[in-house]
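Student: Just dropping this structure here.
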Amino acid sequence: MTGARTAGVGRVDNRWVMSYARITVAPMNHVIRSICSDEWAKVKELRLAALRDPVAHLAFLETYEDAAVKPDAFWRERAAGAAVGTTERQQFVAVGEGGEWAGSVTVLVEEAGSRDPFGSVIEQSQGHLVGVFVRPEHRGSGVGVTGALFDAALEWSWGIGLDRVRLFVHEKNGRAETFYRKTGFVPTGESVEVPGAPGELELEFVITRGSSRGV
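Residue numbering for the sequence shown follows full-length UniProt numbering, beginning at 1 and increasing consecutively.
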């Protein structure tokens, strides 16, 4: 991936916050950046597209039917809570040459002592990647757009002082697991049961600052 990068750093609520944008070639130009709070309609459209993906049942806990009926107020709040300048979460998007949002990933900041979505106590402050999705027509055989999104998410995480970022992948989602391994994530050996699906597991993967890709 090649291209020009711009980043700004500020301080909000005693935490360093980075705004981030990068132009990559993967294989066409995309701008990788944080979302803005007024882009809730695009946040909604991309999320609904993700939930219509053939493997959405493996990648997301939410269903299209549930998301589609949520009011605009929900999407406004969702966008505002993950927009540039926020400290608890940050959503990154890949914007194609025509302005279409090609894909997205969100970083959730999990503070030490808090509980994660599965009810476990967080031992150290860390990032948690969720909502990974790239439209099929923007996917490639390499890391491409998804890799550029991960680069942005990790750089933001390191920039606000986190040393560890994790994610969960369904045990049957082999394609996603292969990609995560290529980008430097390694299995921790920990797993959680998929809510509402007894017997199915989500496997935890982690990357740390200073590892092969967590630089």
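From the three backbone atoms N, C-alpha and C, an ideal C-beta is built for every residue, glycine too.
Grouping DSSP H, G and I as helix and E and B as strand, with all else coil, what is Arg181?
Tutor: Of the three classes helix, strand and coil, the one that applies to Arg181 here is helix, per DSSP.
Student: Rounded to the nearest angstrom, what separates Leu203 and Glu171 at their Cα positions?
Tutor: 6 angstroms
Student: Can you tell me where the alpha helix (DSSP H) with Gly144 in it begins and where it stops?
Tutor: Start and end: Gly144 to Gly159.
Student: Return no unless some Cβ of chain B is closer than 8 angstroms to the Cβ of Leu46.
Tutor: Considering every chain present, this structure includes no chain B. It has just one protein chain.
Student: Specify the secondary structure class of Arg52 as computed by DSSP and reduced to three states.
Tutor: Residue state, collapsed to three classes: coil.
Student: Report yes if the C-beta distance between Arg181 and Val93 is below 8 angstroms; otherwise report no.
Tutor: no
Student: Can you have a look at Gln90 and say buried or exposed, based on whether 16 or more other CB atoms are within 10 angstroms of its CB?
Tutor: buried
Student: What does the alpha-carbon distance come out to for the pair Trp75 and Thr106?
Tutor: 15 angstroms
Student: Can His30 and Ala79 be called in contact, C-beta distance under 8 angstroms?
Tutor: no
Student: Determine the burial state of residue 232: buried for a count of at least 16 other Cβ atoms within 10 Å of its Cβ, exposed for fewer.
Tutor: Within the shown structure, residues of the chain are numbered from 1 to 215, placing residue 232 beyond reach of any answer.
Student: Kindly identify the DSSP beta-bridge partner or partners of Val186.
Tutor: Val206
Student: Compare the beta carbon distance of Ala82 and Ile122 with 8 angstroms and say whether it is the shorter of the two.
Tutor: no
Student: Can you give the Cα-Cα distance for Glu193 and Gly119, rounded to whole angstroms?
Tutor: 12 angstroms
Student: What residue range is occupied by the uninterrupted alpha helix (DSSP H) comprising Gly81?
Tutor: Asp72 to Gly81
Student: For the pair the region 55 to 74 and the region 147 to 154, tell me if three or more CB-CB distances fall below 8 angstroms.
Tutor: no
Student: With distances taken from CA atoms, which of Ser191, Leu108, Phe205 and Asn173 is nearest Thr183?
Tutor: Phe205
Student: Among the residues of its own chain, which have a CB less than 7 angstroms from the CB of Glu39, if the five just before and after it don't count?
Tutor: Ala79, listed in sequence order.
Student: Compare the C-alpha of Ser191 against each of Arg166, Phe179, Thr178 and Arg209 and name the closest.
Tutor: Arg166
Student: If you draw a straight line from the alpha carbon of Gly196 to that of His57, how long is it in whole angstroms?
Tutor: 12 angstroms
Student: For the candidate residues Phe168, Arg175, Phe185 and Val109, whose alpha-carbon lies nearest to that of Leu201?
Tutor: Cα-wise, what sits closest to Leu201 is Phe168.
Student: Shortest alpha-carbon distance to Gln126 belongs to which of Val186, Trp158 and Ala49?
Tutor: Among Val186, Trp158 and Ala49, the Cα nearest to that of Gln126 belongs to Trp158.
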